[in-house]
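What follows is one structure encoded as structure tokens, with my remarks underneath.
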Ligand SMILES: NC(=O)c1ccc[n+]([C@@H]2O[C@H](COP(=O)([O-])OP(=O)(O)OC[C@H]3O[C@@H](n4cnc5c(N)ncnc54)[C@H](OP(=O)(O)O)[C@@H]3O)[C@@H](O)[C@H]2O)c1
């Protein structure tokens, strides 16, 4: 595994690389994900995990929601096949809160452990802000799991600035930091910069984990180079991608102009901007459905855009406000 600079996950003692791998794609063909991703054989999952790891990525993000354990299990088997020891890898997974109360958190932790087949949960996140319970009740249940040694750190996902503050305060009463907020953030979706989430994360020392950092592939430039590829994307994603195609073309042209100077791809420049523009606050979890996606994701950590290039990308991607 390549030796790359690490960052602290929030104010925890957990060290992560600026890029982790999202493995939602491992749920392909299962439940609601059959409308989004095709089924993936375990051999492909194994190759994706091994490639990400060998490229230097030290953490992976999954969730209960991704096929009710299917993605977690595929990930665990991929890690095992690659000979990666539990103590060397960081695993983030998520509890699904919708139509549940915080009492479900201790009830379902054994399921997460079973699907992870011996790999420990380093970061356990509340997947959505929608629940029958308050953030305070959820954070107390999560803190109990930390006390019991079942998880190492607590995060949230898709939380507003106000909900983040509540979660942070509730955990502080138990002596733990809120490690992270996992949110939709990429060069075509920058709303966290104006809705208080980024500012609050910086103030409280909470890591922002950017999901869909490549805008579901739009920021690779592949649809601009070959719009026919859009027809082959699952209906669940096609409409949004179509809407983004025309407005993102000037940005893609700029990324394509910058990329060769770093011997990088368009996707790698888009990821590199995300993990450097806000200092150490933002890390990203690109998803991969093919081995070369994982290789490119890891390669995005092996260079650093100049300040001037980051400013140009900032200006070209800033939404009209
Ligand atoms: N917390 C939440 O609510 C939430 C929501 C969504 C996602 N997530 C997390 O975030 C992770 C990433 O999200 P995402 O998968 O939606 O986002 P993404 O990284 O923006 O997009 C991944 C998709 O882009 C394409 N792609 C990736 N690398 C490529 C490359 N080098 N060249 C060409 N195409 C490439 C692939 O599309 P094809 O498969 O079509 O080839 C891949 O499936 C997930 O795995 C999950 O862990 C969290």
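Numbering (our numbering), first residue to last: 1438 to 1758.
We put the beta carbon where it would ideally sit given N, CA and C, even for glycine.
Check your understanding: Which first and last residues belong to the alpha helix (DSSP H) in which residue 1600 is found?
Key -> Here the question's residue 1600 lines up with position 163 in the chain shown. Residue 1600 -> alpha helix (DSSP H) spans 1598–1610.
Check your understanding: How should residue 1575 be labelled, buried or exposed, when 16 other C-beta atoms within 10 angstroms of its C-beta is the threshold for buried?
Key -> What you label residue 1575 is simply residue 138 of the chain shown in a count that begins at 1. Buried, by the Cβ-count rule.
Check your understanding: Alpha carbon to alpha carbon, how far is residue 1587 from residue 1547?
Key -> In the chain shown, the residue the question calls residue 1587 occupies position 150. In the chain shown, the residue the question calls residue 1547 occupies position 110. The straight-line gap from Cα to Cα measures roughly 9 Å.
Exercise for review: Flag residue 1662 as yes when its Cβ comes closer than 7 Å to any non-hydrogen atom of ligand 1, and as no otherwise.
Suggested key: As a working mapping, residue 1662 is identified with position 225 in the chain shown. No, since every heavy atom of ligand 1 falls outside the 7 Å radius drawn around the Cβ of residue 1662.
Review point. Residue 1659 by DSSP, collapsed to three states: which one?
Key: Here residue 1659 refers to the residue found at position 222 of the chain shown. DSSP places residue 1659 in helix when its eight states are reduced to three.
Check your understanding: If you drop the 5 nearest sequence neighbours on each side, which residues of the same chain put their C-beta closer than 6 Å to that of residue 1538?
Key -> Residue 1538 sits at position 101 when you count from the first residue of the chain shown. Closer than 6 Å at Cβ, skipping near neighbours: 1569 and 1570.
Check your understanding: Hey, would you say the C-beta of residue 1461 is under 7 Å away from at least one heavy atom of ligand 1?
Key -> Stepping through the chain shown from its first residue, residue 1461 is reached at position 24. Flag set: Cβ of residue 1461 near ligand 1.
**Study point:** Distance between beta carbons of residue 1467 and residue 1614, contact taken as under 8 Å
**Key:** For the purposes of this step, residue 1614 is identified with residue 177 of the chain shown, where counting begins at 1. For the purposes of this step, residue 1467 is identified with residue 30 of the chain shown, where counting begins at 1. With 8 Å as the limit, residue 1614 and residue 1467 do not qualify as a contact, their Cβ atoms being about 33 Å apart.
Check your understanding: Taking 7 Å as the line, does the beta carbon of residue 1682 fall inside it for any heavy atom of ligand 2?
Key -> This structure simply doesn't include ligand 2; it includes ligand 1 instead.
Review point. Taking three-plus beta-carbon pairs below 8 Å as touching, is the stretch 1519–1534 in contact with the stretch 1485–1498?
Key: yes
Check your understanding: Is it right to say residue 1585 is buried, meaning 16 or more other beta carbons lie within 10 angstroms of its own, or is it exposed?
Key -> Here the question's residue 1585 lines up with position 148 in the chain shown. By the 10 Å Cβ count, residue 1585 comes out exposed.
Check your understanding: Of the choices 1469, 1460, 1751 and 1472, whose alpha-carbon is the least far from that of residue 1481?
Key -> Against the chain shown, residue 1481 aligns to sequence position 44. Nearest option by C-alpha distance: 1460.
**Study point:** DSSP beta-bridge partners of residue 1497
**Key:** Counted from its first residue, the chain shown places residue 1497 at position 60. Answer is 1458 and 1528, bridged to residue 1497.
Exercise for review: Please classify residue 1509: is it buried, with 16 or more other beta-carbons within 10 angstroms of its beta-carbon, or exposed?
Suggested key: By one-based count along the chain shown, residue 1509 stands at place 72. Result: buried.
**Study point:** Rounded C-alpha distance that separates residue 1471 from residue 1465
**Key:** As a working note, residue 1471 is residue 34 in the chain shown. As a working note, residue 1465 is residue 28 in the chain shown. Between residue 1471 and residue 1465, the C-alpha separation is close to 6 Å.
Check your understanding: Expressed to the nearest angstrom, what Euclidean distance is found between the alpha-carbon atoms of residue 1682 and residue 1622?
Key -> If you number the chain shown from 1, residue 1682 lands on position 245. If you number the chain shown from 1, residue 1622 lands on position 185. Each residue's alpha carbon lies about 17 Å from the other.
Check your understanding: From this set, 1625, 1608 and 1660, which residue's C-alpha is nearest residue 1617's C-alpha?
Key -> Counting from 1 along the chain shown, the entry for residue 1617 is found at position 180. When only C-alpha atoms are compared, the closest one is 1608.
Check your understanding: When every heavy atom of ligand 1 is checked, does at least one fall within less than 7 Å of the C-beta of residue 1651?
Key -> One-based indexing of the chain shown puts residue 1651 at position 214. Answer for residue 1651: yes, Cβ within range of ligand 1.
**Study point:** Where residue 1632 falls, given that 16 or more other Cβ within 10 Å makes a residue buried
**Key:** Residue 1632 sits at position 195 when you count from the first residue of the chain shown. Exposed is the call here.
**Study point:** Residues sharing a beta bridge with residue 1449, DSSP
**Key:** Translated into the one-based positions of the chain shown, residue 1449 becomes position 12. Note: residue 1449 sits in no beta bridge, so no partner.
**Study point:** From 1489, 1673, 1687 and 1671, residue whose alpha carbon lies closest to that of residue 1658
**Key:** Indexing the chain shown from 1 puts residue 1658 at position 221. Residue 1687 is the option with its Cα nearest to residue 1658.
Check your understanding: For ligand 1, any of its heavy atoms closer than 7 Å to the Cβ of residue 1592?
Key -> In the chain shown, residue 1592 corresponds to position 155, counting from 1. No, Cβ of residue 1592 sits at least 7 Å from all heavy atoms of ligand 1.
Practice item. Confirm, please, whether the CB-CB distance from residue 1453 to residue 1490 is below 8 Å. Key: As a working note, residue 1490 is residue 53 in the chain shown. As a working note, residue 1453 is residue 16 in the chain shown. Not in contact: residue 1490 and residue 1453 (Cβ atoms no closer than 8 Å).
Review point. Hey, quick one: how far does the alpha helix (DSSP H) through residue 1485 stretch, first residue to last?
Key: The residue given as residue 1485 occupies position 48 in the chain shown. Run containing residue 1485: 1479–1491, per the alpha helix (DSSP H) assignment.
Check your understanding: Is the closest heavy atom of ligand 1 to the C-beta of residue 1733 under 7 Å?
Key -> On the chain shown, position 296 is the one that residue 1733 refers to. Checking every heavy atom of ligand 1 against the Cβ of residue 1733, one is found closer than 7 Å.
Review point. If you follow the alpha helix (DSSP H) that residue 1764 is part of, which residue opens it and which one closes it?
Key: The first residue shown for the chain is 1438 and the last is 1758, placing residue 1764 beyond what the model contains.
Practice item. Have a look at residue 1619 and residue 1605 and give me their C-alpha separation to the nearest angstrom. Key: Within the chain shown, numbered from 1, the residue matching residue 1619 stands at position 182. Within the chain shown, numbered from 1, the residue matching residue 1605 stands at position 168. Cα-Cα distance, rounded: 14 Å.
Review point. Do you know offhand how far residue 1578's Cα is from residue 1637's?
Key: Along the chain shown, one-based indexing puts residue 1578 at 141. Along the chain shown, one-based indexing puts residue 1637 at 200. Computed Cα separation, rounded: 23 Å.
Review point. Helix, strand or coil: how does DSSP classify residue 1644 here?
Key: If you number the chain shown from 1, residue 1644 lands on position 207. It is a strand residue.
Check your understanding: By a C-beta neighbour count over all protein chains shown, 10 Å radius and 16 as the cutoff for buried, is residue 1628 buried or exposed?
Key -> The residue given as residue 1628 occupies position 191 in the chain shown. Exposed, because fewer than 16 other Cβ atoms sit within 10 Å of the Cβ of residue 1628.
Check your understanding: Hey, residue 1732 and residue 1462: beta-carbon distance below 8 Å or not?
Key -> For the purposes of this step, residue 1732 is taken as the residue at position 295 of the chain shown. For the purposes of this step, residue 1462 is taken as the residue at position 25 of the chain shown. Cβ atoms of residue 1732 and residue 1462: not closer than 8 Å.
Point to revise | Sheet register partners of residue 1626 (DSSP bridge) | key: Sequence index remark: in the chain shown, residue 1626 carries index 189 (1-based). Paired residue(s): 1623.
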